[in-house]
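Student: Going by the numbering used here, the sequence shown runs without a break in its numbering and finishes at 324. Okay, here's the structure, questions in a sec.
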Amino acid sequence: PSRPYRLDTPDLSIVIVKVENQLAAYRNECAHQGLPLDGGILDPEAGTLTCPWHGFCFDARSGECFTAPQAQLEPFPLRVEDDYVWVRPG
235 PSRPYRLDTP DLSIVIVKVE NQLAAYRNEC AHQGLPLDGG ILDPEAGTLT CPWHGFCFDA
295 RSGECFTAPQ AQLEPFPLRV EDDYVWVRPG
């Protein structure tokens, strides 16, 4: 297991995860209670991100929640260009 990467802007905290050489970016808030996910456990083999606060488990690629299907992470478009990661928050 590894940790997600946290990126903060003046208005927003973003969590970036890497699974199978693919990156995904989400609002750094668990869909359960809005607590930060950057301290969670990223399991690249299982492709999951687990919230450190209440154990909610998410698909790290899609943001879907396995624990409560109605709870989804808010994704942000992301691209990699010339070794730079570009995230476009909503």
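Glycine included, each C-beta is placed from N, C-alpha and C at the ideal position.
Considering just the uninterrupted stretch of the beta strand (DSSP E) at Ala258, what are its terminal residues?
Tutor: Per DSSP, Ala258 belongs to the beta strand (DSSP E) from 256–261.
Student: Looking at C-alpha atoms only, which residue of Pro303, Glu298, Gly297, Gly273 is the closest neighbour of Leu241?
Tutor: Comparing Cα-Cα distances from Leu241 to each of Pro303, Glu298, Gly297, Gly273, the minimum goes to Gly273.
Student: Using a Cβ-Cβ cut-off of 6 Å (strictly less than) and excluding sequence neighbours within five positions of Leu246, which residues of its own chain qualify?
Tutor: So the qualifying residues of the chain are Pro323.
Student: State yes or no: is the C-beta of Glu308 within less than 7 Å of the C-beta of Tyr260?
Tutor: Yes, Cβ-Cβ distance for Glu308 and Tyr260 is below 7 Å.
Student: Residue ranges of each beta strand (DSSP E) run of no fewer than 3 residues wholly in the stretch 280–309, ordered along the chain?
Tutor: Listed in chain order, they are 282–284, 291–293.
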